[in-house]
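Visitor: Chains as they are written, first to last, in the numbering used here: chain H, 1 to 354; chain A, 1 to 341. Quick one: this structure, given as structure tokens, is what I'll be asking you about.
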Amino acid sequence: MSDAVASGLDRAQVVDLYGWLCLARAAEERLELLQKQGHVSGSIYRSLGQEAGAVGAAYALRRRADGTGDFLAQTVRACGALFLFGGSLEDFFRQYTARGTSPTKGREANVHWEDYEKGFVGPVSPLGTMLEVMAGITLSFRLRGEDRVGMVFYGDGASSTGAWHEGLNFAAVQRCPLILMVEHNQWAFSTPTHKNTRVSSFTEKAPGYGIGAESVDGTDVLAVYEAVSRAAERARAGGGAQMVELRYFRRRGHAQHDPQDYVDPAVIAEWEKKDPLDQYRARLIREGWAAPGELDRSWDEAVEACRRAAEVAVSEPAPHGPDAVHDVYTDVILPRPWTRAFTPDPRNPLPDLP
Amino acid sequence: MSSAAPEHVTRTRRQEPVTFLEAISEALFEEMERDPAVFLMGEDIGVYGGAFKVTRDFLDHFGSQRVIDTPIAEGGFTGAAAGAAHMGLRPVVEMQFMDFISPAYDVLTNYIATSLYRGAGPMPLVVRGPVGGGNRGGPFHSQNVEMAFFHTPGLKIVYPSTAYDAKGLLKASIRDDNPVIFEEHKGLYRAPALREVLPDEDYVVPLGKARIAREGTDVTVVTYGSMVHKSTEAAKTLAEADGVSVEVIDLRTLLPLDEAAIVDSVKKTGRILVVHEDTRTGGIAGEISIRVNERAFEWLDAPILRVTAIDAPVPYSGSLEDYFLPQSADVVTALRYLAAY
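Structure representation (structure tokens):
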């Protein structure tokens, strides 16, 4: 077994990376099972074929649990990055299955949750917003002189929004230490990239913002790791906002309800040959960094961890309906529906004012 | 940095009268002095001091880290304010004119207003700026924006009518952990009649509490902003010419609405008129009317009426705008109708 260093990583780290790739895929496969069993309230979104983009990028940042590390804004197709930043498998399954114990108490779905100590903030469904929000988060790093960078993921479709432009431009102008990861997976739901933009690579947009950019094979976890390491170094050194484009392909529909029959199956088959897990596994074995048995164990451990975490999540209670009135404001208690509270007084149907 | 405090934010310290605008400047200045987490973002607020000069000389005093001139992108910098708020800062965002808040509607309603509920934490930020007509500003420099946001749970909406309230409410808004939209009627900014000597102390006016601007017993007017003054004028006319006693309630905060203050007054007078400068359909009069219906129907002696702007964009020409806006005479007419009902 070689101790050769790849991309500045040691042998333990390159094997560790494979484990994180396995975890992202195993978690989503477990989700599919949970959905078939009726445990998932909403949709599920696969990142099949995109795992290396999320994992390689997050691996390049400083992940700490005490509120001093780098910061992530994940997307549904970047759960691998979320796990690396300390988002737990249990919480992941609690979110999808809308448990009362989920980080959002069942009020929000999937990867839409945050932990500011661990350093991640979940997205909202309108696209582009998180570029604005992460511009502000990384602005706060700069204003306070903190040695931290932020990373925001967005699919190629989000680049058409005004928020994407306004957030990126703000971050560029304010020299915010922000890395934009463009998940160029070639589809925005059923809309191909060429109907969202006239450029073939999103790095062509970067000069318009005066920011650094590079494009990388998003199926190659080490290539992603290296590209993001360089981007983070530039951002940390005061170089301001950076863009890294991940080139890969969305091999499943937008969500599980989308059979993706608008995509040529031959193209999907081509991209299956570039599967990020298969490619990386073959390389680890070929270059002598790991034996097949060790990598098999990584996969088995990931599957088992997901099975156990999902079991915990589904055993937990759904939220209590009347709790829906809490936390709209920090200091205002909402009135409950009067038809559920008491028997109306015919002269004054509402109870006394609080 | 940290040059001497600008002269126009220290009048209260010298116990000189301040305008409505200076009261707002003082509130911002004192909050920034008190809490290093408070900072400002907006268009032309630094070097230029803001379109209305609310933040004149702030840049020299606080520096460019705390007085940030932004790109012209209201959605972008409001979203950035949200990110800064996540990290424990307390941004105060200026809309050069509140008419331009619409590009930030998405981030305010979808992101900021839902943050606490989604578990993403409190949102201690204020979006403030000039609103209102009467200055011949035309359709895009005259709007009132409250009802675009009134329907969004999670937001607070504040709309002061006096210098005292402007200062105290803005301080309370900056200290509030919820997102606040703070509307400043530009017709009040430099109105000589509104100049007053404020207490030389650190006071706040709590959000969510209306005030009785004028006590009365026969008819209630519920209003806010510049219409408090037109309504009070009308109330004086009724007292002198008709012997009718009109109570004027100044809402001060529109969301959350001080329902108790409205209902208490209606139970006393049995008659209510809602007056707002905002346009008619979907105006706050509708919400107030249903609340009175729910809580004080049996106390009413007359129909609930309203005096508002007409349902049109704000026109530029003076003759058109004067017709568009509710005037004191309209309030007098409505009050006489109600008093005689």
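A virtual CB, placed ideally from N, CA and C, is assigned to each residue, including glycine.
Along the stretch 310-335 of chain H, what residues have a CB closer than 9 Å to any CB found in chain A?
Guide: Cβ contacts with chain A come from 326, 327, 328, 329, 330, 331, 332, 334.
Visitor: In angstroms, rounded to a whole number, what distance separates the CA positions of residue 435/H and residue 173/H?
Guide: As shown, chain H starts at 1 and ends at 354. That puts residue 435/H outside it, with no answer to give.
Visitor: How is residue 271/H classed by DSSP in three states: helix, strand or coil?
Guide: Looking at residue 271/H - three-state DSSP - the assignment turns out to be helix.
Visitor: Quick one: list the residues of chain H neighbouring residue 73/A, beta-carbon separation under 7 Å, in chain order.
Guide: Ordered by position in chain H, the residues that pass the 7 Å Cβ test against residue 73/A are 166, 169, 170.
Visitor: Taking the alpha-carbon positions, what's the residue 36/A to residue 205/H distance?
Guide: Their Cα atoms are separated by approximately 37 Å.
Visitor: Scan the stretch 130-141 of chain H for residues whose Cβ lies nearer than 7 Å to a Cβ of chain A and list them as they occur along the chain.
Guide: The residues in question are 132, 133, 134, 135, 136, 137, 139, 140.
Visitor: List the endpoints of the continuous beta strand (DSSP E) containing residue 332/A.
Guide: Note, residue 332/A: premise wrong, no beta strand (DSSP E); alpha helix (DSSP H) at 328-340.
Visitor: Which residues, taken in chain order from the stretch 163-189 of chain A, show a beta carbon closer than 9 Å to some beta carbon of chain H?
Guide: So the close ones are 176, 177, 178.
Visitor: In the DSSP output, which residue or residues are listed as bridge partners for residue 120/H?
Guide: According to DSSP, which records beta bridges pairwise, residue 120/H is partnered with 72/H, 115/H.
Visitor: To be precise: take each residue of the stretch 78-94 of chain A, compare its Cβ to all Cβ atoms of chain H, and keep it if any distance is under 7 Å. Which residues remain?
Guide: Of all residues in the stretch 78-94 of chain A, 79, 80, 81, 82, 83, 84, 86, 87, 89 have a Cβ within less than 7 Å of some Cβ in chain H.
Visitor: Expressed to the nearest angstrom, what Euclidean distance is found between the alpha-carbon atoms of residue 261/A and residue 86/H?
Guide: Spanning the two alpha carbons is a distance of roughly 49 Å.
Visitor: What are the boundary residues of the alpha helix (DSSP H) that residue 143/A is part of?
Guide: First-last for residue 143/A: undefined, no H or E at that position.
Visitor: For residue 38/A, which of 247/A, 84/A, 336/A, 338/A has the nearest alpha-carbon?
Guide: For the residues 247/A, 84/A, 336/A, 338/A, the minimum Cα distance to residue 38/A belongs to 84/A.
Visitor: Go ahead and label residue 345/A buried or exposed: buried means 16 or more other beta carbons lie within 10 angstroms of its beta carbon, across all protein chains shown.
Guide: Because residue 345/A is not part of the residues shown, which for chain A are 1 to 341, the question remains open.
Visitor: Report the CB separation of residue 94/A from residue 56/A in whole angstroms; it is logged as a contact under 8 Å.
Guide: In fact, because the Cβ distance is near 13 Å, the residues do not count as touching under 8 Å.
Visitor: Along chain H, which residues have their Cβ under 8 Å away from the Cβ of residue 65/A?
Guide: Within chain H, the residues near residue 65/A are 143.
Visitor: For residue 91/H, which residues in the same chain have their Cβ closer than 7 Å to its Cβ, ignoring the five residues on either side in sequence?
Guide: 102, 103, 113.
Visitor: Pull the bridge partners of residue 365/H from the DSSP assignment, please.
Guide: Residue numbering for chain H in the displayed model covers 1 to 354; residue 365/H lies beyond these limits and cannot be assessed.
Visitor: Kindly list the residues whose CB is nearer than 6 Å to the CB of residue 26/H, restricted to its own chain and excluding five residues on each side of it in sequence; keep chain order.
Guide: The answer, listed in chain order, is 302, 303, 306.
Visitor: Verify whether the separation of the beta carbon atoms of residue 216/H and residue 244/H is less than 8 Å.
Guide: Closer than 8 Å, so yes.
Visitor: With 9 Å as the C-beta to C-beta threshold (strictly closer), list the residues of the stretch 238-265 of chain H near chain A in chain order.
Guide: Of all residues in the stretch 238-265 of chain H, none has a Cβ within less than 9 Å of some Cβ in chain A.
Visitor: Just tell me which of 309/H, 76/H, 277/H has its CA closest to the CA of residue 298/H.
Guide: Checking every option, the nearest Cα to that of residue 298/H belongs to 277/H.
Visitor: Report the rounded CA-to-CA distance for residue 219/A versus residue 240/A, giving the unit in angstroms.
Guide: C-alpha separation (whole angstroms): 15 Å.
Visitor: Say whether the stretch 174-185 of chain A touches the stretch 108-118 of chain A, bearing in mind that this needs 3 or more beta-carbon pairs closer than 8 Å, one atom from each stretch.
Guide: Segments in contact, yes.
Visitor: Under 8 Å, CB to CB, which of the residues in the stretch 110-131 of chain A have a partner in chain H?
Guide: Of all residues in the stretch 110-131 of chain A, 110, 111, 114, 116, 117, 118, 119, 120, 121, 122 have a Cβ within less than 8 Å of some Cβ in chain H.
Visitor: Tell me whether residue 264/H sits in a helix, a strand or coil according to DSSP, three-state version.
Guide: Residue 264/H falls in the coil class under three-state DSSP.
Visitor: Using 7 Å as the cut-off, classify the Cβ of residue 93/A as near or not near the heavy atoms of the ligand GDP, replying yes or no.
Guide: With respect to the ligand GDP, the structure offers nothing, as it holds no ligand at all.
Visitor: Could you check if residue 334/H is buried or exposed, using at least 16 other CB atoms within 10 Å of its CB as the buried criterion?
Guide: So residue 334/H ends up on the exposed side.
Visitor: Among 309/H, 97/H, 288/H, which one has its Cα closest to the Cα of residue 317/H?
Guide: The option with the nearest alpha carbon to residue 317/H is 97/H.
Visitor: So, is the C-beta of residue 256/A closer than 8 Å to a C-beta in chain H?
Guide: For residue 256/A, the answer is yes, since a Cβ of chain H falls inside 8 Å of its Cβ.
Visitor: Under three-state DSSP, which class holds residue 2/H?
Guide: With a pLDDT of only 44 at residue 2/H, under the threshold of 50, the placement of this residue in the model should not be trusted, and no figure is reported.
Visitor: For the alpha helix (DSSP H) holding residue 103/A, just list the boundary residues, first then last.
Guide: Here residue 103/A belongs to no alpha helix (DSSP H), and DSSP marks it neither H nor E.
Visitor: In the structure shown, what three-state DSSP assignment does residue 187/H receive?
Guide: DSSP places residue 187/H in strand when its eight states are reduced to three.
Visitor: Taking C-alpha atoms, which residue in 87/A, 142/A, 157/A, 130/A lies nearest to residue 109/A?
Guide: Looking at the Cα atoms, 157/A is the closest of the given residues.
Visitor: Taking the alpha-carbon positions, what's the residue 296/H to residue 24/H distance?
Guide: Computed Cα separation, rounded: 15 Å.
Visitor: Just tell me which of 144/H, 209/H, 40/H, 274/H has its CA closest to the CA of residue 65/A.
Guide: The candidate whose alpha carbon is nearest that of residue 65/A is 144/H.
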